[in-house]
Amino acid sequence: MLELVSMEAHSAIKPRVRFAPSPTGHLHIGSVRTMLFNIAFAKKHNGTVVLRSEDTDKERSKPEYEREIVEVLEWLGLSWDEGLTLEAGYIGSKGEYGPYRQSERTEIYKKYLEQLLASGHAYYCYCTKDELSAQEQSLSSQGLPPKYGGHCRAVTSPPAGKEPQVIRFKTPGANVEHKDMIRGTVSFDAGLFGDFVIAKNLETPLYNFAAVVDDYEMKITHVIRGEDHISNTPKQILMGQALGFTPPHFAHLPLILAADRSKFSKRYMETSLLSYKEKGYLPEALVNFLALLGWHPSGNEEIFSLGAFIEEFDMRRVQKAGAIFSEEKLQWINGEYLKRLSEDEFMKRLAPILTARNITASDHFVKRVAMAERERAKTLGEVFDLGGFFFALPDYDAALLLWKDDAKEKTRGALEAVKEILSSVEAKDFSREKILSALEPLIAEHGKGSVLWPLRVSLSGQKASPDPLEIAEILGKKETLRRVELGAGKLGR
Ligand code: GLU
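If you number the sequence shown the way our numbering does, the last residue is 506 and the count never jumps.
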């Protein structure tokens, strides 16, 4: 059994942690949360973060996914000290324990596989697929679990006419315990695993084995990863023990669940984090959101920077129960960040969205629209979804112009009066204040709703918009009059 280590003792060691994604698909929310918590723990204790590519699955691993990992982390401002890097568009690496890509470490794994074979902790298995399924069937007909029964355990030389199929670990039938930093003592009955496969051959190790070797060779002190890996931990501890390694400490982060506590949908898990960039989420907002997926600060403030998160991070405040992913919360957090940006910074962040949407209006006009919509928008993209009407008036139903029970005639009359009054305001004075003071007598006569509601709808084509007087100021006199006339016209003669 592993030595129990107190939280204080964890902080006494300068941790070396690793984020070890497999580049077999898009980098998703759960993985990035793992990286973030690794960073928080390591940096809190002045430690080191390693980025390693676990590309042992040759068919499914792709360089473009590896590049995406680096790109997403860089976009989010999540940095690391050692491992893969993206320099001049090329994936390289930095650090003294490289290479940091498993496919380039074959010789290292081979050495340890040979060690396990020589010490009798591993053996070649000659059972073919057909033989394995026959063995499994026979076990399940006896009501036994379908693990490998150890058929080749005692085979010392290759049976005639047979080729080695895989290398298996000789699993001792013991209980394996580890003291998880989040979950406390976790124990597994290793007898249930059977002799699992650790490599296809000396040159082709599987993830579970390669990870143990790498964690040792890269001097990893703490393995912080998703709970979905918790059943790998006892196997990795056993392999490590067989190789004479001191095991690292483990922390298994809670699963991420959908709002109804069901398993997080595959769609989300497969959605690249870069799609959030395209939608106009701010990287710092996303990081803030991820920090709250399974962890909470000591106070009530939910908006905090990465630096503040690191400062406050405490593994004891990571929950065991699944963390609920709420899209609404993400939007709320992003909206808060949007509101807090300076005007200049806000416009800078909007620039890629303007390019993507081919928005070519004058800088001044775009800025006015953006500032008017910033309060409502939850993403940068929404600024122009909501504010699209500034650029082109959408078609709308005439009935939308009517305030409460107002009749068509009354509303038309109000719009015609608005038009006449605003015609006399000088174009250069067409400010919110001037427009309001010009309209005040009309508002006093008909009531606020009966004047400002149809004005809002005629200017925006929508029932929810920024203040109609502000819209008028932004649109300018000419366009305002054109839209008001169009609205009146919709109500007939
Ligand atoms: N390569 C594994 C994955 O992407 C992570 C393994 C680990 O953290 O130990 O799920």
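Every residue gets a Cβ at the ideal spot worked out from N, C-alpha and C, and that includes glycine. The structure displayed is predicted, hence computed values, not measured ones.
- Placement of the Cβ of S132 at a distance of 7 Å or more from every heavy atom of the ligand GLU is found.
- Annotation: F277 to L268 spans about 9 Å, alpha carbon to alpha carbon.
- Of all alpha-carbon atoms in D227, D241, V189 and L488, the one lying nearest the alpha-carbon of E67 is that of D227.
- In chain order, V62 and L64 place their CB closer than 6 Å to the CB of W93, counting only its own chain and leaving out the 5 sequence neighbours on each side.
- Looking only at F32, R181 and E356, the smallest Cα-Cα distance to Y113 is reached by F32.
- Rounded to the nearest whole angstrom, the CA to CA distance from H235 to N51 is 9 Å.
- For Q115, the closest alpha carbon among the candidates A298, S275, D70 and G163 is that of D70.
- Short note on P34: C-beta closer than 7 Å to some heavy atom of the ligand GLU.
- With respect to L468, R445 sits apart: the two C-beta atoms are not nearer than 8 Å.
- A distance below 8 Å between beta-carbons, with the five flanking residues on each side excluded, links L494 to the following residues of its chain, in chain order: K432, L435 and S436.
- Restricting attention to beta strand (DSSP E) runs no shorter than 3 residues, the region 99-186 encloses them at 103-107, 135-138 and 179-182, ordered along the chain.
- Annotation: the continuous alpha helix (DSSP H) that includes G320 extends over L319 to E325.
- Judged by their CB atoms, Y78 and P28 are not nearer to each other than the 8 Å cut-off.
- Taking one beta carbon from each stretch, the region 97-104 and the region 204-219 have fewer than 3 pairs nearer than 8 Å; the two do not touch.
- Residue nearest to F201 within the set A212, T184, K213 and V210 is T184 (criterion: CA-CA distance).
- Between I346 and I316 the beta-carbon gap is near 7 Å, inside 8 Å, which marks them as a contact.
- Assignment of E79 by DSSP, reduced to helix, strand and coil, places it in the helix class.
- Counted as a single uninterrupted DSSP element, the alpha helix (DSSP H) harbouring A457 occupies residues R445 to H459.
- Contact between the region 285-299 and the region 80-94 is present: three or more C-beta pairs spanning the two stretches fall below 8 Å.
- Inclusion of Q344 and K417 in the CB contact set at 8 Å is not warranted, their separation being larger than that value.
- Annotation for E439: no alpha helix (DSSP H) segment contains it, and DSSP assigns it neither H nor E.
- About 11 Å separates the CB atoms of Q178 and H164; that is not less than 8 Å, and the two are not in contact.
- At least one heavy atom of the ligand GLU sits closer than 7 Å to the Cβ of H242.
- Per DSSP, T493 lies in no beta strand (DSSP E); the unbroken alpha helix (DSSP H) holding it starts and ends at K490 to K503.
- The beta carbons of I211 and I237 sit no closer together than 8 Å.
- If the five residues before and after L414 are omitted, its C-beta is found closer than 7 Å to the C-beta atoms of T424, P467, V470, S471, G500, K503 and L504, all from its own chain and listed in chain order.
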